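Below is one structure, written out as structure tokens; comments come after it.
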Amino acid sequence: MSVSLGRVSLRPSRRPPLVRGTLGGSLYGRIVVGTVLTAAGVVAAVYFIVHATLVDVGRTWGERLADRTRLAEWRASCEADPRHAAQDLGDGLRVVPFDVRSGRSLAGSIDHALATELEAGAPSAVRVDWLGRTVGARLLVAAGGEGPCSAFQIDRRLDHLAVKEIRVAWATALFVALFVLLAGALVAVLRPLLRRLSILERAAAGVGSPEVARQVSGSDELGTIAEAMARAFEQITLDRERILREVRVRDEFIADISHDVRTPTTSLQLSLEELDERVARDAPDARPLVRRALADVVYIASLVANLGMARKLSDENGPLPTLRPVDLRSIAERVALRCAIFAKRQGIVVEHALGEAPVLVMTDPVILEQMLTNIVENAIRYNEVGGRVALTLDRRGREGFVVHVRDDGPGVAPSELPHLGQRTFRSSAARERDPRGSGLGLAIVRAGCDRFGWTCGFATLEPRGLEVALEGPVVTETPPPGAIIR
Amino acid sequence: MPNPERSSILLVEDDAAMAATMVRALRSSGYEVELATDGERALALASSRTFALVLLDLRLPFVDGYAVLEKLRKRDHVPIIVVTAGTELADRLKAFELGAVDFLAKPFWIEELLARVQLRLKRPKRSEVARRVSLGTRVIDLDARTVTGVELTRVEFDVLLFLLDRRGQALTRDFIASGALSVGGEVDARTVDSHIGRIRKKLGAEGLFISTVWGVGYRCELEP
Ligand SMILES: Nc1ncnc2c1ncn2[C@@H]1O[C@H](COP(=O)(O)OP(=O)(O)OP(=O)(O)O)[C@@H](O)[C@H]1O
Ligand SMILES: [Mg+2]
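Which chain is which? The protein sequence lines are A and B, in order.
Heads up: the first sequence is residues 325 to 810, going by the working numbering.
Heads up: the second sequence is residues 12 to 235, going by the working numbering.
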């Protein structure tokens, strides 16, 4: 999962800072604190367990060693010569007598901390030293009575091997503690982390839903990312709305223009038509001029119509055209009549044969009319004086229809056939002949066919010319009479 | 003096230049035309006399063209053709709903206007179906199924009759095949070519009446 916020501009002035740096607050800080605390806890626990065990062991050992008879023995020899009464008993054992009242010894140094315990009346005090350089146990026992031989300090140093064993045990314990600690930290930290990451992932997948991103609340980095995402989403939503609004305004603008242009175009077209009549009568040599002007007017009109239609057809968010039963025959007839008038003035004949019965198809009549107009106008526009255009409508079996528009103009090179209908495609020949043309016409035909579930095919004719075929299903059951559009 | 035989048309159009062209064209085609340049005048004129047809531009100053359409329509049942620049299907549907019989989309041609008007004003002439048709010097008897001077097979006669019935119209091979040839089941459109070829040959000079229409099929011409 990757969250890219690179292209979203967050205006910082209106927003609180995104990063909160406190140790407890950030995810990193939490992990550190959690780890340290758990580690310390485990180490302390291990320490106390080991220590308590060793102290216990040390005490029982010391007490067994310093039984009454031994104490009496040591005391006797001490009283004989208190100054030299410290004795090494071998096996790392050393006994030093001292005065239980003062904690002083005439024969060596005494552990004051332990001695004060005896002074306070305890029968014995023990210390186990297992972390320092000298590993061993020390036991202080009161032997009864007073004087320099009234208590003994017994030290026992452990040999090298034992020390090693203890250290290994200690290290193992530490490692285990560390492992436990890590595992615990992972579970404790990762579980909620993963949960929130998955929410974040969902939020990222659903751009435009700030609420989901906000579910990942929190003051750590994840929370910060989520918050940033939520803000970005809000911004995106705002931008989207703004863009949609702008697009809508632009669309309405195009629609308005395309509507408003129609009235002046009509009067221009009517004037030119009248002019053509007169020129044909009085000044035939000027006819090509009028012809060009007429072609231009028709081009402007269809360009404007196509712009509006392309906008409608390419708007994926816009409403799909509601398809209704339409009499294809009467629409084709309307197109044929209209185009024939224009064609005649261009010196081209348009023939049509559409049968006699209505052919009902599910379609949008306005789009359909534009599609047919585009095909027939191409057939006229790319043709030459004396050219022929044919528009036919036939049934394909019981369930289908086929519309053919043929012309005997220059056609297109076979290699260019597959490109027909691609938006803004114009054949090189067409571009040479006539720089006008937006390449929208057939793109609308294609898009319309897609919407209606029809097919649209192009073929070259022999010896020259282009054939466009539209095929689709007809409505087989009879709709109520009012529902049909003619 | 208004000629009662001539169809009178009420044209409602505010654009003076366009109105002038339209009036000129309609008059020269033999219609009597009254022009109203706004909705008020249109309604006043419509209530003062009856028209055979109203041509109503939906884009009018000051008033909503649809409102005028509705009022005109309520007054009497005069057929109304609306002239509209609307490209939305909703515009068309609304016009039809309010009672328009046809529409003319801008930009239109004068010829187109005349064709639409003619379509509405043409009186249905249900003349007696002629039982004998002449084609050049030959006479075709529909009852006896004979053509003077020529022997046609049953199928050839059917094809010729089919074309004669639709004289002046271009017909596709498919249409001829399904209308004149199919005795149940599909007929190859190419067999139409061979039938026509034989009919033409047998008719001799009158064969020229049947012309090949490029890209379409055949047509029985009104004149050779
Ligand atoms: N009947 C035809 N004969 C020859 N070339 C054609 C024909 N129909 C289309 N073309 C080629 O296909 C190209 C695309 O046609 P299309 O109608 O999509 O765009 P256009 O005619 O260039 O522009 P416009 O949007 O004004 O219709 C044309 O430029 C032309 O090269
Ligand atoms: Mg085109």
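Each residue gets a CB set at the ideal place from its N, CA and C atoms; glycine is no exception.
A quick note: this is a predicted structure, and the numbers were derived from the prediction, not measured.
- As summarised for the region 42 to 79 of chain B, the continuous beta strand (DSSP E) elements at least 3 residues long and confined to that stretch are 43 to 47 and 64 to 68, given in chain order.
- Here the alpha carbons of Ala607 (chain A) and Leu613 (chain A) stand approximately 11 Å from one another.
- Taking a contact to require three or more Cβ pairs closer than 8 Å, the region 729 to 736 of chain A and the region 582 to 597 of chain A do not qualify as touching.
- Residue A:Leu766 holds the alpha-carbon nearest to the alpha-carbon of Met695 (chain A) among A:Pro803, A:Leu766, A:Leu442 and A:Ser474.
- Taking non-hydrogen atoms of ligand 2 into account, the C-beta of Leu21 (chain B) is found less than 8 Å away from none of them.
- Under the three-state reduction of DSSP, Pro421 (chain A) is assigned to strand.
- Spatial neighbours of Phe749 (chain A) in its own chain (CB-CB distance under 7 Å, excluding positions within 5 residues in sequence) are listed in chain order as His743 and Gly763.
- From the beta-carbon of Ala529 (chain A), no residue of chain B is found nearer than 9 Å; the closest lies around 38 Å away.
- From the listed residues B:Arg60, B:Arg149 and B:Leu153, the smallest Cα separation to Gly160 (chain B) is found for B:Arg149.
- Judged by DSSP secondary structure, Pro588 (chain A) falls within the alpha helix (DSSP H) whose first and last residues are Glu545 to Asp606.
- When rounded, the separation of the alpha-carbon atoms in Leu146 (chain B) and His206 (chain B) is 18 Å.
- Under the three-state reduction of DSSP output, Tyr706 (chain A) falls in the coil class, being neither helix nor strand.
- Residue environment analysis places Pro689 (chain A) among the buried positions, since at least 16 neighbouring C-beta atoms fall within 10 angstroms of its C-beta.
- Any heavy atom of ligand 2 counts here; residues with a Cβ closer than 7 Å to one of them, in chain order, are A:Asn698, A:Glu701, A:Asn702, A:Arg705, A:Gly761, A:Gly765 and A:Leu766.
- Residue range Leu790 to Pro797 is occupied by the beta strand (DSSP E) that includes Glu791 (chain A).
- Scanning its chain for C-beta atoms nearer than 6 Å, with the 5 sequence neighbours on each side dropped, one finds around Thr48 (chain B) the residues Asp25, in chain order.
- Interface annotation for the region 580 to 601 of chain A against chain B: Ser582, His583, Asp584, Arg586, Thr587, Thr589, Thr590, Ser591, Leu592, Gln593, Leu594, Ser595, Glu597 and Glu598, criterion Cβ-Cβ distance under 8 Å.
- In the three-state DSSP reduction, Arg653 (chain A) falls in the helix class (H, G or I).
- Taking a C-beta distance under 9 Å as the contact criterion, Pro90 (chain B) and Arg131 (chain B) qualify as a contact pair.
- Between His676 (chain A) and Ala191 (chain B) a beta carbon distance of about 20 Å is seen, past the 8 Å cut, so the two are scored as non-contacting.
- Pro235 (chain B) is outside the set of residues whose beta carbon lies under 9 Å from a beta carbon in chain A.
- Contact check for Asn698 (chain A) against Ser626 (chain A) passes: the beta carbons are separated by less than 9 Å.
- Taking 9 Å as the cut-off, the Cβ atoms of Ala475 (chain A) and Ala396 (chain A) do not count as close.
- For Ala807 (chain A), same chain residues with a beta-carbon under 6 Å away, outside a window of 5 residues either side, are Pro649 in chain order.
- For Ala47 (chain B), the nearest beta carbon of chain A is not closer than 9 Å to its own beta carbon.
- At a beta-carbon threshold of 7 Å, the residues of chain B lying near Thr716 (chain A) are Thr183 and Val227, ordered along the chain.
- In terms of beta-carbon proximity, Asp26 (chain B) lines the interface with chain A, with at least one pair separated by less than 9 Å.
- Residue state for His408 (chain A) is assigned as helix, using DSSP reduced to three classes.
- In the DSSP assignment, Glu675 (chain A) falls outside any alpha helix (DSSP H) and lies within the beta strand (DSSP E) extending over Val673 to Ala677.
- With contact defined as three or more Cβ pairs closer than 8 Å, the region 170 to 186 of chain B and the region 215 to 230 of chain B are in contact.
- For Val161 (chain B), there are no neighbours in chain A by C-beta distance under 7 Å, as the nearest C-beta there is about 26 Å away.
- Taking a contact as a CB-CB distance under 8 Å, the pair Thr779 (chain A) and Glu795 (chain A) counts as one, their CB atoms being some 5 Å apart.
- For ligand 1, a non-hydrogen atom lies closer than 8 Å to the CB of Ala754 (chain A).
- DSSP places Leu684 (chain A) in the strand class (E or B) of the three-state scheme.
- In the same chain as Arg480 (chain A), and ignoring 5 residues on each side of it, the C-beta atoms closer than 6 Å to its own belong to Gly416, Leu417, Gly460 and Ala461, in chain order.
- By the beta-carbon neighbour count (other beta carbons within 10 angstroms, threshold 16), Leu80 (chain B) is buried.
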